[in-house]
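Those sequence lines, one after another, are chains A and B.
Residue numbers for the first sequence follow full-length UniProt numbering, so the first one is 1 and each next one is one higher.
Residue numbers for the second sequence follow full-length UniProt numbering, so the first one is 1 and each next one is one higher.
Virtual Cβ for every residue (Gly too), placed ideally from N, Cα, C.
Everything below concerns the one structure shown next.
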Amino acid sequence: MWEKSQATPHPAARQIQLDLHRTLTGNQRFSSPSSPATQQLHRVLLAFSWQNPTIGYCQGLNRLAALALLVLQDEEEAFWCLVAVVESIMPQEYYSKTLTASQVDQRVLKELMAEKLPRLSAHLEQLQVDASHFTFNWFLVAFIESLPVHILLRVWDAFLYEGSKVLFRYALALFKYREEDILKIQDKVDMYQYLRFFTKTITDGRKLMSIAFSDMNPFPMRLLSSRRAAHLERVQAELSELERIQQEYAAAQDAERAKRSNKDLDAAGSEDEDEV
Amino acid sequence: MSETYDFLFKFLVIGSAGTGKSCLLHQFIENKFKQDSNHTIGVEFGSRVVNVGGKTVKLQIWDTAGQERFRSVTRSYYRGAAGALLVYDITSRETYNALTNWLTDARTLASPNIVIILCGNKKDLDADREVTFLEASRFAQENELMFLETSALTGENVEEAFLKCARTILNKIESGELDPERMGSGIQYGDASLRQLRQPRSTTAQTKQQCNC
């Protein structure tokens with residue numbers, strides 16, 4: 001696959017190249033574009049784009065692959081780990097061209113927050129802060145770069161073993177862990193500033209885990225599946241509606257432009273023609 | 001922790017991947033170039049209080065992911081944006097060609113009165129230039145955008161881009177063209193102006209003069 005990718009560049013190759021030196025920049029092994037780890041990352045991502053042409057490359061896959069490389073060391077194993085996460089553990093369409101399943105999960109999370117953390121959810125609502133602006137990142141890369149490493153690896157153990165439901169458990173647990181702090185914030189901009197970094201300051205991994213796996217119960221898989229199915233329909237409907245609006249706008253713009261250029265031609269004939 | 005300000009504007013930074021959106025934001029907020037930055041997933045935030053024409057304005061800036069497929073997600077961020085920096089890379093024609101798509105998103109999804117400034121970033125890489133100043137300024141004119149070439153590396157025109165956009169919005173408020181009270185305008189009164197609003201007009205004028213000195 002590597003040889004094939006050398007012969008014909010994949011359409012995703014440019015974006016992969018662009019992101020290589022923008023991956024886990026805090027980590028020594030990825031700090032230089034010429035470092036062996038960066039080269040390995042390059043090959044894993046290119047190979048993946050051939051393995052799964054529908055997805056090709058989605059920003060975020062670089063972080064998943066980089067973590068796999070750091071832990072597994074071996075390039076081929078890291079590749080298969082990436083394949084497993086994207087194709088088996090995460091729902092379909094998570095990294096697709098429209099990120100449909102990612103968007104679905106954010107709606108599901110919002111609902112679960114309202115049920116399991118009603119005070120916090122109402123508070124965010126009141127400040128008109130949409131938590132999905134932050135949680136979207138958490139889910140897409142399973143908390144990489146959002147949590148301190150020692151906690152991240154614990155989360156990943158459960159994530160690899162139990163699947164994507166774990167992401168919901170930990171997302172809810174993170175909010176629960178800092179619920180009192182969040183409730184104190186009364187300014188919208190301050191809230192945005194707080195939510196973008198607070199996960200990095202969590203230190204007690206044991207406490208977080210206990211919230212995720214006992215306080216958040218009951219959490220049957222059936223519930224998650226049915227919520228996902230319901231929201232999937234809605235998101236798909238909205239996406240096609242948006243598509244339609246944008247096409248109409250683009251068509252109107254084209255018509256406008258054509259009209260204008262005709263007018264320019266007319267104006268060339270009679271300079272001071274009145275506007276209608 | 002919250003400072004006093006007259007207005008709060010919501011700003012967006014949009015454009016294709018790798019054009020330097022996050023670096024522009026970082027340069028504006030921290031006054032330095034961001035080495036080793038990660039690419040943005042979804043959205044990032046920054047805010048800064050600036051002084052424009054005697055008014056203090058807090059800019060809340062939403063920095064978005066540039067990869068094409070994130071557009072379906074970032075679209076939900078447009079609502080209620082008062083201003084936007086539309087960024088392309090002067091050394092990449094591809095990012096320039098994508099401007100029409102970004103513009104369509106902004107015009108259809110943000111407030112119809114959104115004030116947009118086009119930024120040709122990486123001005124410092126003039127040797128690798130693929131898009132001339134002239135053609136970009138023509139594009140800006142045709143689409144009623146303001147236009148600057150910027151460098152997030154050296155900081156050239158970065159401050160100006162944000163301030164120019166803020167100033168235009170402020171002018172539109174003062175001329176009555178923009179109504180901050182309207183839902184989705186992307187503009188909110190800060191504490192300072194709310195206090196002024198509660199005072200009788202004569203006192204307001206006085207306060208204003210005091211502020212200017």
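With Y96/B as the anchor, note down where its alpha helix (DSSP H) starts and where it stops. Residue mapping note: residue 96/B aligns to position 96 of the second sequence, counting from 1. That run of the alpha helix (DSSP H) goes 93-97.
Could you tell me whether any Cβ in chain B is nearer than 8 Å to the Cβ of E111/A? Counting from one through the first sequence, the residue named residue 111/A turns up at place 111. Answer no: the Cβ-Cβ gap between E111/A and chain B never drops below 8 Å.
For the putative contact between V131/B and R93/B, defined by C-beta atoms under 8 Å, what is the C-beta separation to the nearest angstrom? What you label residue 131/B is simply residue 131 of the second sequence in a count that begins at 1. What you label residue 93/B is simply residue 93 of the second sequence in a count that begins at 1. Between R93/B and V131/B the Cβ distance is about 6 Å, and since that is below 8 Å, they are a contact.
Would you report the Cα separation of G46/B and E174/B, rounded to the nearest angstrom? Along the second sequence, read from residue 1 onward, the residue named residue 46/B stands at position 46. Along the second sequence, read from residue 1 onward, the residue named residue 174/B stands at position 174. In a straight line, the C-alpha of G46/B is about 26 Å away from that of E174/B.
Would the segment 32-39 of chain B count as touching the segment 17-36 of chain A if we require 3 or more Cβ pairs under 8 Å? A contact exists between the segment 32-39 of chain B and the segment 17-36 of chain A.
Going straight from the alpha carbon of residue 278/A to that of G26/A, what length do you get? The question about residue 278/A has no answer here: the residues shown for chain A are numbered 1 through 276.
When every heavy atom of the ligand SAM is checked, does at least one fall within less than 7 Å of the C-beta of H39/B? The ligand SAM is not part of the structure shown, which contains no ligands of any sort.
Could you compute how far the alpha carbon of V149/A sits from the alpha carbon of M146/B? Residue 149/A sits at position 149 when you count from the first residue of the first sequence. Residue 146/B sits at position 146 when you count from the first residue of the second sequence. Spanning the alpha carbons of V149/A and M146/B requires a straight line of approximately 44 Å.
Is V57/B near A166/B, with beta carbons less than 8 Å apart? Your numbering for residue 57/B matches position 57 in the second sequence. Your numbering for residue 166/B matches position 166 in the second sequence. Closer than 8 Å, so yes.
So within the segment 102-186 of chain A, which uninterrupted alpha helix (DSSP H) runs reach at least 4 residues, ignoring any that extend past its ends? Counting whole runs of 4 or more residues, the segment 102-186 of chain A contains the alpha helix (DSSP H) stretches 118-127, 132-140, 149-162, 165-177, 179-184.
For R178/A, go through chain B and note every residue whose CB falls closer than 8 Å to its CB, in chain order. As a working mapping, residue 178/A is identified with position 178 in the first sequence. Neighbours of R178/A on chain B: none; closest Cβ ~17 Å, over 8 Å.
Would F28/B pass as a contact of V158/B if the rule is Cβ separation under 8 Å? As a working note, residue 28/B is residue 28 in the second sequence. As a working note, residue 158/B is residue 158 in the second sequence. Result yes, Cβ atoms of F28/B and V158/B sit closer than 8 Å.
Taking only runs of the alpha helix (DSSP H) that begin and end inside the segment 53-141 of chain B, which ones reach a length of at least 4 residues, in chain order? Considered as a whole, the segment 53-141 of chain B harbours 71-74, 93-97, 99-109 as its complete alpha helix (DSSP H) runs of no fewer than 4 residues, in chain order.
Which residues in chain A sit within 7 Å of H39/B, going by Cβ to Cβ distance? The residue given as residue 39/B occupies position 39 in the second sequence. Going along chain A in sequence order, the residues near H39/B (Cβ under 7 Å) are D19, R22, Q59.
Report the rounded CA-to-CA distance for D89/B versus A106/B, giving the unit in angstroms. Locating residue 89/B in the second sequence gives position 89, where the first residue counts as 1. Locating residue 106/B in the second sequence gives position 106, where the first residue counts as 1. Straight-line measurement puts the Cα of A106/B at about 19 Å from the Cα of D89/B.
Option in K55/B, N121/B, T108/B with minimal Cα separation from Y77/B: By one-based count along the second sequence, residue 77/B stands at place 77. With distances taken between Cα atoms, Y77/B lies closest to T108/B.
Within 10 angstroms of the Cβ of G54/B, are there 16 or more other Cβ atoms? Answer buried if so, exposed if not. Here residue 54/B is taken as the residue at index 54 of the second sequence, counted from 1. Note on G54/B: under 16 other CB atoms within 10 angstroms of its CB, so exposed under the neighbour-count rule.
So that I know if they touch, is there some Cβ in chain B lying closer than 8 Å to that of I211/A? Here the question's residue 211/A lines up with position 211 in the first sequence. No, its Cβ sits nowhere closer than 8 Å to a Cβ of chain B.
Identify whether N171/B lies in helix, strand or coil by the three-state DSSP scheme. The residue given as residue 171/B occupies position 171 in the second sequence. Residue state, collapsed to three classes: helix.
Determine, for A250/A, whether the minimum Cβ-Cβ distance to residues of chain B falls below 8 Å. As a first step, residue 250/A must be located in the first sequence, where it is residue number 250. For A250/A, the answer is yes, since a Cβ of chain B falls inside 8 Å of its Cβ.
Coil, strand or helix - T204/B by DSSP: Taking the first residue of the second sequence as position 1, residue 204/B is located at position 204. Note that T204/B scores a pLDDT of 42, beneath 50, so its modelled location is shaky; the value from the coordinates is reported in the next line. Note: T204/B maps to helix in three-state DSSP.
S185/B, DSSP secondary structure in three states: On the second sequence, residue 185/B is found 185 positions in, with the first residue counted as 1. Correct three-state label for S185/B: coil.
Does DSSP put L12/B in a helix, in a strand, or in coil? Position 12 of the second sequence, counted from the start, is the residue given in the question as residue 12/B. Of the three classes helix, strand and coil, the one that applies to L12/B here is strand, per DSSP.
Would you decide whether V71/A is buried or exposed? Buried here means 16 or more other CB atoms lie within 10 Å of its CB. If you number the first sequence from 1, residue 71/A lands on position 71. Taking all protein chains in view, the Cβ of V71/A is surrounded by fewer than 16 other Cβ atoms within 10 Å, so the residue is classified as exposed.
Among T100/A, T38/A, S49/A, nearest to D74/A - alpha-carbon criterion: For the purposes of this step, residue 74/A is taken as residue 74 along the first sequence, with counting starting at 1. Of the listed residues, the one whose Cα sits closest to D74/A is T38/A.
Length at least 4, wholly inside the segment 11-45 of chain A: the alpha helix (DSSP H) runs in chain order: Here the runs fully enclosed are 13-20.
Compile a chain-ordered list of the residues in the segment 8-41 of chain B whose CB is closer than 9 Å to at least one CB of chain A. Within the segment 8-41 of chain B, the qualifying residues are L8, A17, G18, Q35, D36, S37, N38, H39, T40, I41.
In angstroms with no decimal places, state the Cα-to-Cα distance between S35/A and R29/A. Here residue 35/A corresponds to residue number 35 of the first sequence, with the count starting at 1. Here residue 29/A corresponds to residue number 29 of the first sequence, with the count starting at 1. So the alpha carbons of these two residues sit roughly 7 Å apart.
Sub-8 Å separation of G190/B and F7/B beta-carbons: As a position in the second sequence, residue 190/B is number 190, starting the count at 1. As a position in the second sequence, residue 7/B is number 7, starting the count at 1. Contact: yes.
So what does DSSP say about N143/B, is it helix, strand or coil? As a working note, residue 143/B is residue 143 in the second sequence. Correct three-state label for N143/B: coil.
Is the beta carbon of Q15/A closer than 8 Å to that of A17/B? For the purposes of this step, residue 17/B is taken as residue 17 along the second sequence, with counting starting at 1. For the purposes of this step, residue 15/A is taken as residue 15 along the first sequence, with counting starting at 1. Yes. Within cutoff.
Please check if any C-beta of chain A sits within less than 8 Å of the C-beta of A65/B. Counted from its first residue, the second sequence places residue 65/B at position 65. Cβ-Cβ to chain A under 8 Å: yes for A65/B.
If contacts are defined as beta-carbon pairs under 8 Å, then V85/A and L64/A qualify, I think. What distance do you get, rounded to the angstrom? Numbered from 1 along the first sequence, position 85 holds the residue referred to as residue 85/A. Numbered from 1 along the first sequence, position 64 holds the residue referred to as residue 64/A. Contact holds; Cβ gap of about 6 Å.
Using a beta-carbon distance below 8 Å, is V149/A in contact with chain B? Residue numbering aside, residue 149/A sits at position 149 when the first sequence is read from its first letter. Judged by the 8 Å Cβ criterion, V149/A is not in contact with chain B.
Are the segment 120-136 of chain A and the segment 53-63 of chain A touching, with three or more C-beta to C-beta distances below 8 Å? Because the criterion of three Cβ pairs below 8 Å is not met, the segment 120-136 of chain A and the segment 53-63 of chain A do not touch.
Per DSSP, cross-strand counterpart(s) of L25/B: On the second sequence, position 25 is the one that residue 25/B refers to. L25/B is not bridged to any residue.
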